[in-house]
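Quick note: the sequence shown uses my numbering, first residue 14, plus one each step. Even for Gly, the Cβ is constructed at its ideal location relative to N, Cα and C. Only a predicted model underlies this, so the values are computations on that prediction, with no experimental measurement involved.
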Amino acid sequence: MTPKKPYQNFLNNLRKAAKTIKLSPEALQRLEEPEMVHEFEVSFELDNHKKKTVPGYRVEHNSARGPYKGGIRFHPEADLDEVKALAALMSLKCGVVNIPLGGGKGGITVDPKELSRSELERMSREYFRIGTEKGIFGVDRDVPAPDVYTNPQVMAWMLDEHEKVLGYKSPGVITGKPLELGGSLGRNYATSQGGFYILMKYLQASGKKPEETTIALQGFGNAGAYFAQIAHKAGMKIVAASDSKGGIKRAKGYFESKKLNEFKKESGSLRGNFCDGDNCDLEKMRREDVETVSNEELLQLDVDVLVLAALDGVVHKDNAKKIRAKAILELANGPVTLEADEILEKENVDVLPDILANAGGVTVSYFEWVQNRSGDVWEEDVVIQKLKKVMQNSFDDLMKIKEEHDVSYRQAAFILGMERIVRAMELRGVI
Ligand code: NAD
Numbered sequence: 014m015t016p017k018k019p020y021q022n023f024l025n026n027l028r029k030a031a032k033t034i035k036l037s038p039e040a041l042q043r044l045e046e047p048e049m050v051h052e053f054e055v056s057f058e059l060d061n062h063k064k065k066t067v068p069g070y071r072v073e074h075n076s077a078r079g080p081y082k083g084g085i086r087f088h089p090e091a092d093l094d095e096v097k098a099l100a101a102l103m104s105l106k107c108g109v110v111n112i113p114l115g116g117g118k119g120g121i122t123v124d125p126k127e128l129s130r131s132e133l134e135r136m137s138r139e140y141f142r143i144g145t146e147k148g149i150f151g152v153d154r155d156v157p158a159p160d161v162y163t164n165p166q167v168m169a170w171m172l173d174e175h176e177k178v179l180g181y182k183s184p185g186v187i188t189g190k191p192l193e194l195g196g197s198l199g200r201n202y203a204t205s206q207g208g209f210y211i212l213m214k215y216l217q218a219s220g221k222k223p224e225e226t227t228i229a230l231q232g233f234g235n236a237g238a239y240f241a242q243i244a245h246k247a248g249m250k251i252v253a254a255s256d257s258k259g260g261i262k263r264a265k266g267y268f269e270s271k272k273l274n275e276f277k278k279e280s281g282s283l284r285g286n287f288c289d290g291d292n293c294d295l296e297k298m299r300r301e302d303v304e305t306v307s308n309e310e311l312l313q314l315d316v317d318v319l320v321l322a323a324l325d326g327v328v329h330k331d332n333a334k335k336i337r338a339k340a341i342l343e344l345a346n347g348p349v350t351l352e353a354d355e356i357l358e359k360e361n362v363d364v365l366p367d368i369l370a371n372a373g374g375v376t377v378s379y380f381e382w383v384q385n386r387s388g389d390v391w392e393e394d395v396v397i398q399k400l401k402k403v404m405q406n407s408f409d410d411l412m413k414i415k416e417e418h419d420v421s422y423r424q425a426a427f428i429l430g431m432e433r434i435v436r437a438m439e440l441r442g443v444i
């Protein structure tokens, strides 16, 4: 596989979109580089009383439309290049769904699986203490959220640390919090629900009914499992699903999402319910009408929609030609590489891009921020109705651009986000 170069990928897409709309060199230059890059050391005590120091980052890409917004990831491979790319994509994503926020992203290069709960807490608090004391994080300045290997509990520790430094309450400084600390109803499945609304609009535009739509789903974590539930309820047919241990496929017919949840719950992985390594219980598979598939095979199934909800870079130049799905829904960030994008476009496979398809998460994060600032608590159906409207409007806005410029969905999304940010910069007089 080609080495990952996320920032270069972002730049290539950005420059291509800029060329289409003949963006001024000055505006392009503004979008090519983040406004601020913060790099600092995070030192914390291990349970054995030794000190550990890990690199921490916060990249703030663009704030013309509002405070910086974007998650914090803890990952051994998180580095500045990746965080810069993700911050820039957040600016565009907030532009695409037209919420008044800019783009940022944070990270710590660490393997959180090697830390105890108390070590994880000390590291999370220290990262946020530094960020608060440096004046990075603030309810009207830069508002983080969960990302890979961070969760509501981590957000709770970070909020608590922030408020300790400030000496007063400021729940809107971070989103994706537990409900008890000001989190929003609907946030846990917002990404999947938002992706579902985009897929429904796409199917409608293609003249296809949900109950005629077959799906293969890669990734059965937060985004994937909720998506399965929502898609199944709408009548879509889930043919196959996978997680890091491999996948399963119905020999005939389709999976009920409830059944997939049961399989996952019983043994921690979908395939693990039937196989221990290469040793598979063929009788159980026959009884349950299940076949196994590898993650690579799942990508190549002949279905209407391939939903990618696991890792970045899974569809690349070496397997893009083998994709038989008619469309790809990117719930994960960056699952289709730049080279693969070009191949898929030639093969007429539509890619509904991450900055549109998974923007339901940041949209409900924005709703959480609004609720925290107003002191209001919205009912779940209010959140979901508002989310539906945002996602449907974004799809319609994107379609106008796609038709006007005759470009891919990804390029149309880049143009939509970019034009909105540029307009805000013009109004501010910074360009
Ligand atoms: P998660 O950790 O809950 O789930 C990830 C899933 O991917 C798990 O089922 C895991 O087993 C599977 N997986 C890991 N390695 C795999 C492999 N090699 N092949 C197949 N499956 C593999 O994470 P999540 O929150 O569901 O996020 C998934 C993706 O969606 C990430 O790219 C994330 O950035 C993106 N995303 C999530 C949200 C959200 O709100 N959860 C929002 C925006 C984007």
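Worksheet item: Considering only the beta carbon of each residue, do G199 and V377 sit closer than 8 angstroms?
Response: Taking 8 angstroms as the Cβ cut-off, G199 and V377 qualify as a contacting pair.
Worksheet entry | Touching by the beta-carbon criterion (3+ pairs, under 8 angstroms), the region 21-34 and the region 414-427 | Contact check between the region 21-34 and the region 414-427: three or more CB pairs, one atom from each, fall below 8 angstroms, which counts as touching.
Item to complete: Less than 8 angstroms between the CB atoms is what I'm expecting for K82 and V383, so what's the real figure, rounded?
Response: That pair is no contact at about 12 angstroms.
Fill in: 6 angstroms Cβ shell around V167 - same chain, five flanking residues per side excluded
Sequence-distant partners of V167 (beyond 5 residues in either direction) whose C-beta falls short of 6 angstroms from its own C-beta, in its chain, are S137.
Discussion item. For F87, list the residues DSSP reports as bridge partners.
Written reply: According to DSSP, F87 bridges with I121.
Worksheet item: According to the Cβ coordinates, are D155 and G117 closer than 8 angstroms?
Response: In this structure, D155 sits near G117, with a CB-CB distance shorter than 8 angstroms.
Worksheet item: Beta carbon of Y239, beta carbon of I251: below 8 angstroms?
Response: Going by beta carbons, Y239 and I251 fall outside the 8 angstroms limit.
Item to complete: Quick one: using the 10 Å Cβ neighbour count with 16 as the cut-off for buried, is Q242 buried or exposed?
Response: Result: buried.
Discussion item. So the candidates are L99, V110 and G79; which of them puts its Cα closest to the Cα of G373?
Written reply: Residue V110 is the option with its Cα nearest to G373.
Practice prompt. Give me the Cβ distance between L230 and G237, rounded to the nearest whole Å; I'm assuming they're in contact under 8 angstroms.
Written response: 6 angstroms between Cβ atoms; contact.
Worksheet entry | Rounded separation between A218 and D409 - CA only | Spanning the two alpha carbons is a distance of roughly 10 angstroms.
Worksheet item: DSSP state of Q313, grouped into three classes?
Response: Of the three classes helix, strand and coil, the one that applies to Q313 here is coil, per DSSP.
Worksheet item: Considering only C-alpha positions, which residue in the set L44, G259, R71 and G119 is nearest to V161?
Response: The residue from L44, G259, R71 and G119 with its alpha-carbon nearest to that of V161 is G119.
Fill in: C-alpha gap between L179 and G388, whole angstroms
Approximately 19 angstroms, taken between the alpha carbons.
Fill in: 8 angstroms Cβ cutoff met for I341 and Q206
No; because the gap between Cβ atoms is not below 8 angstroms, this pair is not in contact.
Discussion item. Please list the terminal residues of the continuous alpha helix (DSSP H) segment that includes D71.
Written reply: The sequence shown places Arg at residue 71, rather than the Asp named in the question. Unbroken run through R71 is the beta strand (DSSP E), K64 to N75; no alpha helix (DSSP H).
Worksheet entry | Cβ separation of P77 and R300, assumed to be a contact under 8 angstroms, to the nearest whole Å | The sequence as given places Ala at residue 77; Pro does not occur at that position. Rounded to the nearest angstrom, the Cβ distance from A77 to R300 is 58 angstroms, too far for a contact under 8 angstroms.
Worksheet item: Whose CA, out of V306, V395, C288 and L295, lies closest to the CA of K262?
Response: When each option's Cα is compared against that of K262, the closest is V306.
Discussion item. For P80, which residues in the same chain have their Cβ closer than 7 angstroms to its Cβ, ignoring the five residues on either side in sequence?
Written reply: Non-local C-beta neighbours of P80 in its own chain, meaning closer than 7 angstroms and more than five positions away in sequence, comprise L114, G115, D153, R154, D155 and V156, ordered along the chain.
Fill in: Residue from E139, H88 and D317 with nearest C-alpha to E224
Ranking E139, H88 and D317 by Cα distance to E224 puts D317 first.
Item to complete: Using three-state DSSP, classify I34 as helix, strand or coil.
Response: Coil.
Worksheet item: Is A236 near ligand 1, going by C-beta to nearest heavy atom under 7 angstroms?
Response: Yes, since a heavy atom of ligand 1 falls inside the 7 angstroms radius drawn around the Cβ of A236.
Item to complete: May I have the straight-line CA-CA distance separating R433 from S104, to the nearest angstrom?
Response: The C-alpha of S104 is placed about 10 angstroms away from the C-alpha of R433.
Discussion item. Beta-carbon within less than 8 angstroms of Q313's beta-carbon, same chain only, minus the 5 sequence neighbours each way: which residues are those?
Written reply: Counting only Cβ-Cβ distances below 8 angstroms, and skipping sequence neighbours, we find N332, K335, I336 and R337.
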